[in-house]
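Student: Chains as they are written, first to last, in my numbering: chain E, 1 to 134; chain R, 1001 to 1134.
C-beta: ideal position from N, C-alpha, C; glycine also.
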DNA sequence: CCGCATCCGCTCGGATACTG
DNA sequence: CAGTATCCGAGCGGATGCGG
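The structure is reproduced here in structure tokens:
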């Protein structure tokens, strides 16, 4: 783990200075976009098979139509999702993970598994902290 | 990877309904908090050794004092960071990752490595998408 | 040195109504 | 079915100034 600080200084800290280098920071480039409220959930939903717009809406019951459209568009823009329109009547649109999307999801999976295994500890920590500062 | 949709339906979709179950969704509980603009960066900075407030400020040059304080507080609340005040004159405050924090960081590392290895592909996808929709 | 308080712009995200 | 357009509130996050 001694690589961490090296990583940080070389890969992160160097991007905050004067030059226009911030947009070249790998961590920020990727993390800032999948940190949205719905991105992770949609990647997870699409990880096993493609879905149509309406199906995704039902799978994530509390997402608004607006946010579903916008988040899918962002995921498509980043190259994680492929959007295919079938000119049927009425039209249907399929969303499917690209290879890049599947690759990202595999990395994301480690974090999701951690979340499942440790979220109770996190909730406990929160409760304990809130009690101390009552 | 056939576990994904099962995971989704059981672990995610079920939390959006009528009951007050949303706060019990493991993924949202954890991801929503580390998705902030600075959380990941600070976890990365603290992953190798503890730092004092001012040191962290210098390590992440473009963070404001307000956001540094607030993000560290959130990380402390979730149990990832331990805050220790040394009553010297002037006082000094040390921030250090807890065991839970180190555990989270290990899971996060996979994602950070992915970001380093693939952010160029993401940037290319973005540029290509923006050109198509010019 | 390490914060907290205040103000304030800006983006995220929800609700609703309307197209092809 | 799959969006687009518009409005609007809430909260994130930056800048500045004060306090122990």
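To the nearest angstrom, report how far apart residue 34 of chain E and residue 1058 of chain R are at their CA atoms.
Tutor: One C-alpha to the other measures close to 26 Å.
Student: Just list the residues that DSSP pairs residue 85 of chain E with in beta bridges.
Tutor: Answer is E/93, bridged to residue 85 of chain E.
Student: Contact criterion: CB-CB distance below 7 Å. Does residue 1116 of chain R meet it with respect to chain E?
Tutor: Interface residue, yes.
Student: What's the gap between the Cα of residue 1056 of chain R and the Cα of residue 51 of chain E?
Tutor: Answer to the nearest angstrom: the Cα atoms are 43 Å apart.
Student: Below 9 Å on C-beta distance, what does residue 55 of chain E contact in chain R?
Tutor: Here the premise fails: no neighbours, minimum Cβ distance about 11 Å.
Student: What in chain R is Cβ-close to residue 76 of chain E, meaning under 8 Å?
Tutor: What residue 76 of chain E touches in chain R: 1129.
Student: Taking the continuous alpha helix (DSSP H) assigned at residue 1124 of chain R, which residues delimit it?
Tutor: Run containing residue 1124 of chain R: 1099-1132, per the alpha helix (DSSP H) assignment.
Student: Given that residue 110 of chain E touches chain R, what residues does it touch there, using C-beta distances under 8 Å?
Tutor: 1107, 1110 and 1111, listed in chain order.
Student: Can you tell me the Cβ-Cβ gap for residue 1079 of chain R and residue 45 of chain E, rounded? I've got them flagged as a contact below 8 Å.
Tutor: With a Cβ gap of about 29 Å, residue 1079 of chain R and residue 45 of chain E do not count as contacting.
Student: Across which residues does DSSP place residue 1051 of chain R in a beta bridge pair?
Tutor: R/1095.
Student: Mapping the DSSP letters down to three states, classify residue 64 of chain E as helix, strand or coil.
Tutor: Of the three classes helix, strand and coil, the one that applies to residue 64 of chain E here is coil, per DSSP.
Student: Note down, in chain order, every chain E residue with its Cβ under 7 Å from the Cβ of residue 1121 of chain R.
Tutor: The answer, in chain order, is 79 and 100.
Student: Does any C-beta atom of chain E lie closer than 7 Å to the C-beta of residue 1093 of chain R?
Tutor: Cβ-Cβ to chain E under 7 Å: no for residue 1093 of chain R.
Student: Once DSSP output is grouped into helix, strand and coil, what is the label at residue 1078 of chain R?
Tutor: Three-state DSSP puts residue 1078 of chain R in coil, outside helix and strand.
Student: Keeping to the same chain, check which residues put their C-beta closer than 6 Å to that of residue 86 of chain E; ignore five residues upstream and five downstream.
Tutor: Excluding sequence neighbours, residue 86 of chain E sits near 92.
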